[in-house]
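Below is one structure, written out as structure tokens, with a few remarks after it.
2 protein chains.
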Amino acid sequence: MRDFTQNHEWLSINTATVRKQRGVEVPLDRIIDQCAERGIRAISPWRDQVAAVGLDKVAAQLRAHGMGLSGYCRGGFFPAPDAAGLKAALDDNRRAIDEAKTLNAPCLVLVVGALPGALDGKAAYTDIARARSEVRDGIAASLDYAREVGMPLAIEPLHPMQAADRACINTLEHALDVCDELDPGQSGLLGVALDIYHVWWDPKLQQQIARAGKERLLAYHVCDWLTPTRDLLSDRGMMGDGIVELKKIRGWVEAAGFDGFSEVEIFSMLDWWKRDGGDVLDICVERHKRAV
Amino acid sequence: MRDFTQNHEWLSINTATVRKQRGVEVPLDRIIDQCAERGIRAISPWRDQVAAVGLDKVAAQLRAHGMGLSGYCRGGFFPAPDAAGLKAALDDNRRAIDEAKTLNAPCLVLVVGALPGALDGKAAYTDIARARSEVRDGIAASLDYAREVGMPLAIEPLHPMQAADRACINTLEHALDVCDELDPGQSGLLGVALDIYHVWWDPKLQQQIARAGKERLLAYHVCDWLTPTRDLLSDRGMMGDGIVELKKIRGWVEAAGFDGFSEVEIFSMLDWWKRDGGDVLDICVERHKRAV
Chain A
1 MRDFTQNHEW LSINTATVRK QRGVEVPLDR IIDQCAERGI RAISPWRDQV AAVGLDKVAA
61 QLRAHGMGLS GYCRGGFFPA PDAAGLKAAL DDNRRAIDEA KTLNAPCLVL VVGALPGALD
121 GKAAYTDIAR ARSEVRDGIA ASLDYAREVG MPLAIEPLHP MQAADRACIN TLEHALDVCD
181 ELDPGQSGLL GVALDIYHVW WDPKLQQQIA RAGKERLLAY HVCDWLTPTR DLLSDRGMMG
241 DGIVELKKIR GWVEAAGFDG FSEVEIFSML DWWKRDGGDV LDICVERHKR AV
Chain B
1 MRDFTQNHEW LSINTATVRK QRGVEVPLDR IIDQCAERGI RAISPWRDQV AAVGLDKVAA
61 QLRAHGMGLS GYCRGGFFPA PDAAGLKAAL DDNRRAIDEA KTLNAPCLVL VVGALPGALD
121 GKAAYTDIAR ARSEVRDGIA ASLDYAREVG MPLAIEPLHP MQAADRACIN TLEHALDVCD
181 ELDPGQSGLL GVALDIYHVW WDPKLQQQIA RAGKERLLAY HVCDWLTPTR DLLSDRGMMG
241 DGIVELKKIR GWVEAAGFDG FSEVEIFSML DWWKRDGGDV LDICVERHKR AV
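Those sequence lines, one after another, are chains A and B. The numbering used here numbers the first residue of the first sequence as 1 and each following residue consecutively. The numbering used here numbers the first residue of the second sequence as 1 and each following residue consecutively.
Here is the structure:
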């Protein structure tokens, strides 16, 4: 297992972690500078953050800093109540793949979607098997284009508490079943983004990480699970503040062959987004050494 | 599949559903009367509610009404930081089994526990594999006594969002693995309490319900999953108000041989506990006919 205690060579910052600083939305170009100032070698930005600054401008800024991506957030949200909606989702995923390519991302992360409309409290249907079928078809169609341009797709299993509204793939086992069905040859173009926040509880986690192997483990996200957790979306903890066995899980991931970045992704309306962004990044660096 | 539309013969009320009425804690004897007035044939009471009224008094009141139990809530919480704590949990589970016997319950429901102390935000340890091992040993020890007195134990898999603090058995598959290990002969004395709130999202749900079969399906709990869900514990929905495919899942459960009560269990600090208890019970009866 790699030694993380001496430097933060393998730290990446998912830019959602500092998208709000002192409660205020901060533009991506400022966040990139803040990361560069701290010698952080990689980030994973969100599409809306990139769009707000401009794709080419972000690409140029990253090149100027010699900064890479550990992933691009995000494609997915495939299910829809009708054919027009399904097609719109595929078109949007095609654009996301193109953007990921422009930014030289190692993968496009897929939050696959769930019951369409549920995020707004108005599910268009409640048949989760249908949503799962639409997700499968959406990934299959997007994979065709991803193969053409050479952009790996990383399915992110989301915590079951987000199964209704954000992603109906909720275990690593399920994500790998989809990978094996759509990409039996393990081309490297379809795999998973493993976020410990979503999967830490799974009794089959170690077994399924071993099953995934290097070919399927495209991204690795860290944060912590707090007790109590006060919100289903936005109360993630800083590494070391919760109960996730981060080092044990990283051991499993590395034993399976993963040797990429540990990407810190913290949504925290209730705490970290209220703080000074520079302080948050400094603490990410310190905790990455000590707790990841 | 049984027709529930004509009467509420197979409705049971988990008494947590109306433990607070207009925001105020209501004693169990009053709740039993409220259920009896509506021709509800069964309840599932909680130990603290029973203790507050008195075990023998509750038993006599149930007999007087000709009212049965669909389960008794609850045993479990096996993990502990030390040997004294582990023993205290076993002793407490023995008492719960005795109480269940006095009340003539068909099963004692087990919320198995997780990281000890996590419920108070102070986990004594974070090794969830250790908690799972202590849970296994605790169920094994309790099963010895349950066999002696003839009281079935029903493991309730809890939603993964409660894996840190309330129960580290979080899927039906895991619960059934434990059942198969500890009771390979399917004696009828070890099975599961299947609460749709905890398991509705599981892509393996139908398969595992079929695996469980009549011998393992000891209790069936219903409510609904709301979008959005505003609290991890106490924002359950009334049947029909959320996105769970209740009839589809009951179809699977009955196809596996289950022919018992549908027990309504709603924790709802944010809504139903604020309402008039009689109204809540009337709505349970109506929704049981229409939505379950």
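No residue lacks a Cβ here, since even glycine has one placed at the ideal position from N, Cα and C. If you're wondering where the values come from, they're calculated on a predicted model, not measured in any experiment.
Check: Contact list for I243/A against chain B, beta-carbon separation under 7 Å; Outcome: L115, A118, A123, T126, A164
Check: P79/A beta carbon near the ligand FMN (any heavy atom closer than 7 Å); Outcome: Judged by which ligands are present, the structure shown has none, so any question about the ligand FMN falls away.
Check: Neighbour list for W225/A in chain B, Cβ cutoff strictly below 7 Å; Outcome: A164
Check: Within chain A, partners of M161/B - CB distance below 9 Å; Outcome: H159, P160, M161, W201, T229, L232
Check: Distance CB(L232/B)-CB(I196/B) smaller than 8 Å; Outcome: no
Check: Residue-chain proximity (R132/B, chain A), Cβ-Cβ < 8 Å; Outcome: yes
Check: Simplified DSSP assignment, three categories, for L62/A; Outcome: helix
Check: Pick from K204/A, I43/A, Q186/A that is closest to G213/A, judged by C-alpha positions; Outcome: Q186/A
Check: Inter-residue Cα distance where the pair is I43/B and D3/B; Outcome: 20 Å
Check: Neighbour flag for H174/B against chain A, beta carbons, 8 Å; Outcome: yes
Check: Chain A within 8 Å of N170/B, Cβ atoms only; Outcome: yes
Check: Beta-carbon spacing of T17/B, W46/B below 8 Å; Outcome: no
Check: Touch test, the region 221-239 of chain B against the region 261-277 of chain B, Cβ-Cβ under 8 Å, three pairs minimum; Outcome: yes
Check: Three-state secondary structure assigned by DSSP to E263/A; Outcome: strand
Check: Distance between A36/B and L28/B (C-alpha atoms, nearest Å); Outcome: 12 Å
Check: Reference A146/B, options Q162/B, G191/B, A118/B, closest by Cα; Outcome: G191/B
Check: Cβ shell of V135/A (< 7 Å), same chain only, five flanking positions each side left out; Outcome: F78, P79, V112, G113, C168, I169
Check: Nearest-angstrom beta carbon gap, I209/A and D252/A [assumed within contact, 8 Å]; Outcome: For the record, residue 252/A in the displayed sequence is Trp; it is not Asp. Contact holds; Cβ gap of about 5 Å.
Check: Where the alpha helix (DSSP H) through C73/A begins and ends; Outcome: Taken as a continuous stretch (DSSP letters only), C73/A belongs to no alpha helix (DSSP H), being part of the beta strand (DSSP E) at 72-76.
Check: Start and end residues, alpha helix (DSSP H) containing I293/A; Outcome: This structure does not reach residue 293/A, given that chain A is present from 1 up to 292, and the question cannot be answered.
Check: Simplified DSSP assignment, three categories, for Q186/B; Outcome: coil
Check: Backbone CA spacing between Q276/A and D33/A [nearest angstrom]; Outcome: With the sequence shown as reference, residue 276/A is identified as Asp, and Gln is not the correct amino acid for it. Distance between the alpha carbons of D276/A and D33/A: 15 Å.
Check: Helix, strand or coil at W225/B [DSSP, three-state]; Outcome: coil
Check: Nearest neighbour of G260/B, chosen from V53/B, D92/B, L217/B [CA to CA]; Outcome: L217/B
Check: Best match in A175/A, D180/A, T126/A, P116/A for proximity to A83/A [C-alpha to C-alpha]; Outcome: P116/A
Check: Close-in-space but distant-in-sequence residues of the same chain around R132/A (CB under 6 Å, 5 per side omitted); Outcome: C168
Check: Contiguous alpha helix (DSSP H) assignments of at least 4 residues, all confined to the region 148-186 of chain A; Outcome: 172-182
Check: Through-space distance from F258/A to V26/A, alpha-carbon basis; Outcome: 32 Å
Check: For S234/B, the three-state DSSP class (helix, strand or coil); Outcome: coil
Check: With 16 other Cβ atoms within 10 Å as the buried cut-off, status of Q6/A; Outcome: exposed
Check: Status (buried if at least 16 other CB within 10 Å, exposed otherwise) for E263/B; Outcome: buried
Check: For D271/B, the three-state DSSP class (helix, strand or coil); Outcome: coil
Check: Alpha carbon of D56/A to alpha carbon of V149/A, nearest angstrom; Outcome: 18 Å
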